[in-house]
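Q:
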Amino acid sequence: GNSVTQMEGPVTLSEEAFLTINCTYTATGYPSLFWYVQYPGEGLQLLLKATKADDKGSNKGFEATYRKETTSFHLEKGSVQVSDSAVYFCALAFSGGYNKLIFGAGTRLAVHP
Amino acid sequence: NAGVTQTPKFQVLKTGQSMTLQCAQDMNHEYMSWYRQDPGMGLRLIHYSVGAGITDQGEVPNGYNVSRSTTEDFPLRLLSAAPSQTSVYFCASSYSSDRGHEQYFGPGTRLTVT
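Those protein sequences? They're chains A and B, same order as listed. Each residue of the first sequence is one higher than the last, beginning at 1 in the working numbering. Each residue of the second sequence is one higher than the last, beginning at 1001 in the working numbering.
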């Protein structure tokens, strides 16, 4: 079946450190891939997306590349800020169906000054 | 635009009680969905709708009913609440039901069933 696996958190970093949050997926066909972010007390909001292999999504200094050969969509940021502290969800929407998102379990990021 | 709004923000129910979680969007989106968020499990799809009058089941539909009489509103009904339904519920909407389109989430309803 379709599924998303994320690295377990929490991830704790100092400000200006490099961030990687791993995400791998299992899917039939060619899904679209997403990273959503949930700030404390809020709903989820789209951070970035990629709809086909080798696409790179980017936003607010975050990047992720759709790697079909490794079925991965790892999230990276070169220099994190305290304001990046949130829960990050990797998700896919599989082909052949409606825009139903399948989420990973989420990774909590805490950035300290 | 208010985006996606949900009421109430918090609710405590006793086992067996019923209630309706409200969801509304003012973006004229055709596609709407309900998710529940549980620790360590991410979000799971409960029900979704691709337009007024059309609904379908998601991954975890048991114990929940939905209807979609207007484009704007998509209420979620719990007919007989159970402790296993303690969760945070998110409503989302999207311009299109095609994959790849961004979904806009409401702020959530935290439900506790005792």
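We put the CB at the ideal spot given by N, CA and C, even for glycine.
1. Suppose you measure from the CA of residue 1106(B) to the CA of residue 1002(B); what does that come to, to the nearest Å?
2. Looking at the unbroken beta strand (DSSP E) that takes in residue 1065(B), where does it start and where does it end?
3. When the Cα atoms are used, what is the spatial distance from residue 1008(B) to residue 90(A)?
4. Which chain B residues sit within Cβ distance under 7 Å of residue 103(A)?
5. So, is residue 77(A) buried or exposed, given that buried needs 16 or more other C-beta atoms within 10 angstroms?
6. Buried or exposed: which applies to residue 87(A), given that a residue is buried once 16 or more other Cβ atoms fall within 10 Å of its Cβ?
7. Kindly give me the distance between the Cβ atoms of residue 32(A) and residue 1100(B), rounded to whole angstroms, as I take these residues to be in contact under 8 Å.
8. Compile a chain-ordered list of the residues in the segment 34-46 of chain A whose CB is closer than 9 Å to at least one CB of chain B.
9. Can you confirm whether residue 89(A), when its beta carbon is compared against all beta carbons of chain B, has any partner nearer than 8 Å?
10. From what residue to what residue does the beta strand (DSSP E) around residue 1079(B) run?
11. Would residue 19(A) pass as a contact of residue 35(A) if the rule is Cβ separation under 8 Å?
12. Using the Cα positions of residue 9(A) and residue 105(A), report the straight-line distance between them to the nearest angstrom.
A: Let's see:
1. 10 Å
2. 1064-1066
3. 27 Å
4. 1042, 1043
5. buried
6. buried
7. 4 Å
8. 34, 36, 38, 41, 42, 43, 44, 45, 46
9. yes
10. Note, residue 1079(B): premise wrong, no beta strand (DSSP E); not H, not E.
11. no
12. 10 Å
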